[in-house]
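Visitor: Just so you know, the protein sequences line up as chains G and A, in that order.
Residue numbering for the first sequence follows the numbering used here, beginning at 1 and increasing consecutively.
Residue numbering for the second sequence follows the numbering used here, beginning at 128 and increasing consecutively.
Ideal Cβ placement from N, Cα and C applies to all residues, glycine included.
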Amino acid sequence: VSDEPTTPPTTSDWSAFWQGVDSEQITVPECTSCATRNWYPSARCRRCGGATFTWIPLSGEVEVYLSMTAHRDLAGLGEAPYGVALVTPRDAPEIRMLARVEPTDPPEPGTRGRIDVVGGLPTFVRT
Amino acid sequence: VVNSIAVAEMLIASGRHRHVLCYFGSDFGSSDEGPYAFPVGLDAKKGYEQPHGWFGQPLYFAAMAERYAAELGLDPRALASVAVSTRAWAQLTDDAVLRKALDFDQYDDEPPIAGRFRRADCSVISDGAFAWVVSAADRAADGPHPVVGVLGCGQASEPGQSSASFWTQRPTFTSTPCVRSAAQAFAAASIGPSDIDVAEIYDCFTISTIIQLEDAGFCARGEGAGFVASGAIGPGGSLPTNTHGGLLSHSYTVGAGHVVEAVLQLRGAAERRQVAGARLAFVAGLGLPEHASVVLGRL
Chain G
1 VSDEPTTPPT
11 TSDWSAFWQG
21 VDSEQITVPE
31 CTSCATRNWY
41 PSARCRRCGG
51 ATFTWIPLSG
61 EVEVYLSMTA
71 HRDLAGLGEA
81 PYGVALVTPR
91 DAPEIRMLAR
101 VEPTDPPEPG
111 TRGRIDVVGG
121 LPTFVRT
Chain A
128 VVNSIAVAEM
138 LIASGRHRHV
148 LCYFGSDFGS
158 SDEGPYAFPV
168 GLDAKKGYEQ
178 PHGWFGQPLY
188 FAAMAERYAA
198 ELGLDPRALA
208 SVAVSTRAWA
218 QLTDDAVLRK
228 ALDFDQYDDE
238 PPIAGRFRRA
248 DCSVISDGAF
258 AWVVSAADRA
268 ADGPHPVVGV
278 LGCGQASEPG
288 QSSASFWTQR
298 PTFTSTPCVR
308 SAAQAFAAAS
318 IGPSDIDVAE
328 IYDCFTISTI
338 IQLEDAGFCA
348 RGEGAGFVAS
358 GAIGPGGSLP
368 TNTHGGLLSH
378 SYTVGAGHVV
388 EAVLQLRGAA
398 ERRQVAGARL
408 AFVAGLGLPE
418 HASVVLGRL
């Protein structure tokens, strides 16, 4: 859309997200000017160009967009197999977030559940 | 890489250049991390994706296969059919890196990588280089080979995508900007997909071939899986595709091999793998979020 600003560079600072995870919350940065949730985090709001954000907690309720088992240590985490999912937050359907899943039983797209923090990582759990 | 043809065409049309050399070479096979080296630099990968285990091209494209299966249904034989058909072409190509026989049973024995992918669903990782020359039409006629013309080019980018946006947030996982780049190329050439004799399609993974066949209009959305499972893209099929063995079996030359193969087929110089009477070729280059399509023809 022509009246929207060009996508600005993203920020390398994910520390606020991981601080949320440490306190068992899944958070996203919301622009303090226009309330747009910017995902991934951005140095400037993709909608209004604003430069300040508040990290707001989501409910954690999600729906699986896709999930799969990685049979190799593709991410260099020193583990294989492992499971990974892309999920759609019920209260932020315009974004997708990552979560770990049980590698032996990756959930089908559309499966409902929640993101819990397990072992320091956002993890999909069926509800 | 494929889009270099469009750039060369413009340089020649400007009248400032008569011949343009296009080339590509890589040491992905012999360098330490190969193609895994380049995406690491993005902060979001290190800061967010990698800790979740979301890393590596096989995983990104396996995600496309998962969504294809969920949205359109994926014949369990479809991915294997792409691998088997493409390997059959490689077996007819003397300089292909992977020429070992691959049938469906051997495919099933391949080690799993991610999601539905086995090793044979993934591009071979190799060194390699290709080059070609694009010349003004009046000069090309002086050359020693039958002339292959650039009949149409197209370029497109994913809507809303830029270098600052991310694979996980793609608007769709079941199509690519090939939809628009192919439409541009076919319109410029005043032909359609059904006129094409040979297709050379960027096959970094088996699912990439299926989705771009649909994107370009060789079959309807959701019918690509059945199309490849019927044997249509292999030797003797109705749409010979990746006739040198593609990225899956020939070499990881990022589309350059596809361009040269199209030219060889149109010259009638493809030796044992020659598609009889090939006069029109379609070449697709994928580098998400971007895509380039080219129609080449024997003049």
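Would I115 of chain G count as contacting chain A if we go by Cβ distances under 8 Å?
Guide: No - not a single Cβ of chain A is within 8 Å of the one on I115 of chain G.
Visitor: What does M68 of chain G pair with, by DSSP beta-bridge criteria?
Guide: Note: M68 of chain G sits in a beta bridge opposite G:V84.
Visitor: Return yes when the Cβ of V422 of chain A is within less than 8 Å of the Cβ of F313 of chain A, no when it is not.
Guide: Yes, they are a contact pair.
Visitor: Within 8 Å (strictly less), CB to CB, does R348 of chain A reach chain G?
Guide: R348 of chain A does not count as touching chain G.
Visitor: State yes or no: is the beta carbon of E160 of chain A nearer than 8 Å to at least one beta carbon in chain G?
Guide: No, E160 of chain A lies away from the interface with chain G (no Cβ there is under 8 Å from its Cβ).
Visitor: Let me confirm a value: D3 of chain G is counted as buried when at least 16 other C-beta atoms fall within 10 Å, else exposed. Which label applies?
Guide: Per-residue confidence for D3 of chain G stands at a pLDDT of 43, beneath the threshold of 50, marking its modelled position as unreliable; no derived number is given.
Visitor: Do we get a CB-CB distance below 8 Å when we pair I95 of chain G with the residues of chain A?
Guide: Chain A, which has a Cβ nearer than 8 Å to the Cβ of I95 of chain G, makes this yes.
Visitor: Kindly list the residues whose CB is nearer than 8 Å to the CB of E308 of chain A, restricted to its own chain and excluding five residues on each side of it in sequence; keep chain order.
Guide: It should be noted that the sequence gives Ser, not Glu, for residue 308 of chain A. Excluding positions up to five away in sequence, the list reads G281, Q282, A283, A411, H418, A419, S420.
Visitor: When you compare the CB positions of R112 of chain G and E63 of chain G, do they come within less than 8 Å of one another, or not?
Guide: Cβ distance < 8 Å, so R112 of chain G and E63 of chain G count as in contact.
Visitor: Report all residues from its chain with a CB closer than 7 Å to the CB of L229 of chain A; omit the five preceding and five following residues, and keep chain order.
Guide: These residues qualify, in order along the chain: A210, V211, R214, A247.
Visitor: Any heavy atom of the ligand ADP within a distance shorter than 7 Å of the CB on D22 of chain G?
Guide: With respect to small molecules bound, the structure shown includes none, and the ligand ADP cannot be examined in it.
Visitor: Give a yes or no on whether the C-beta atoms belonging to F180 of chain A and A92 of chain G are separated by under 8 Å.
Guide: The question names Phe, but residue 180 of chain A is Gly in the sequence shown. No.
Visitor: When the cut-off is 8 Å and only beta carbons count, does V84 of chain G lie next to chain A?
Guide: By this cut-off, V84 of chain G is an interface position.
Visitor: If the criterion is Cβ atoms closer than 8 Å, does the pair R406 of chain A and R425 of chain A meet it?
Guide: Yes, these two residues count as a Cβ contact at 8 Å.
Visitor: Measuring only the C-alpha atoms, how far is P8 of chain G from P57 of chain G?
Guide: Below a pLDDT of 50, predicted positions are generally treated as unreliable, and P8 of chain G, at 48, falls in that range; the measurement from the model is reported next regardless. Distance between the alpha carbons of P8 of chain G and P57 of chain G: 24 Å.
Visitor: Using 8 Å as the threshold, is the C-beta distance between Q392 of chain A and T370 of chain A below it?
Guide: Yes, the Cβ-Cβ distance between Q392 of chain A and T370 of chain A is below 8 Å.
Visitor: Checking contacts by CB at 8 Å: is C34 of chain G closer than that to chain A?
Guide: It does not; no Cβ of chain A falls within 8 Å.
Visitor: Count the other C-beta atoms from every protein chain shown that fall within 10 angstroms of the C-beta of G428 of chain A, then say buried if there are 16 or more, exposed otherwise.
Guide: Residue 428 of chain A cannot be examined here, being either before or after the span of chain A that is shown, 128 to 426.
Visitor: Would you please verify whether the beta carbon of P416 of chain A is less than 8 Å from any beta carbon of chain G?
Guide: It does not: the Cβ of P416 of chain A has no partner Cβ on chain G nearer than 8 Å.
Visitor: Are the CB atoms of A326 of chain A and L366 of chain A nearer to each other than 8 Å?
Guide: Yes, Cβ-Cβ distance for A326 of chain A and L366 of chain A is below 8 Å.
Visitor: Which residue from A:G351, A:T299, A:Q339, A:D254 puts its Cα closest to that of F155 of chain A?
Guide: The option with the nearest alpha carbon to F155 of chain A is A:D254.
Visitor: Would you report the Cα separation of G372 of chain A and S317 of chain A, rounded to the nearest angstrom?
Guide: Whole-angstrom Cα-Cα distance: 28 Å.
Visitor: Do H71 of chain G and A85 of chain G count as a contact pair if the criterion is CB distance below 8 Å?
Guide: Their beta carbons are not under 8 Å apart, which means A85 of chain G does not touch H71 of chain G by this criterion.
Visitor: On the premise that C305 of chain A lies in contact with F188 of chain A, defined as a C-beta separation below 8 Å, what is that separation, rounded to the nearest angstrom?
Guide: Rounded, the Cβ-Cβ distance is 14 Å, inconsistent with contact.
Visitor: From which residue to which residue does the beta strand (DSSP E) around S262 of chain A run?
Guide: 255–262 is the span of the beta strand (DSSP E), which, as asked, contains S262 of chain A.
Visitor: Which full runs of the beta strand (DSSP E) of 3+ residues lie inside the region 32–61 of chain G, going along the chain?
Guide: Listed in chain order, they are 53–57.
Visitor: Mind listing, in chain order, the continuous alpha helix (DSSP H) runs of no fewer than 4 residues lying wholly within the region 289–354 of chain A?
Guide: Correct list: 305–316, 333–343.
Visitor: Under a three-way DSSP split, which group does E4 of chain G fall into?
Guide: Confidence in E4 of chain G is poor, its pLDDT being 42 and thus under 50, which makes the residue's placement unreliable; the coordinate value appears in the next sentence. In the structure shown, E4 of chain G sits in coil (DSSP, three-state: anything other than H, G, I, E or B).
Visitor: Can you check DSSP and say which residues form a bridge with L219 of chain A?
Guide: DSSP lists no partner for L219 of chain A.
Visitor: With 8 Å as the threshold, decide whether the Cβ of S12 of chain G is near any Cβ in chain A.
Guide: Yes, because at least one Cβ of chain A sits closer than 8 Å to the Cβ of S12 of chain G.
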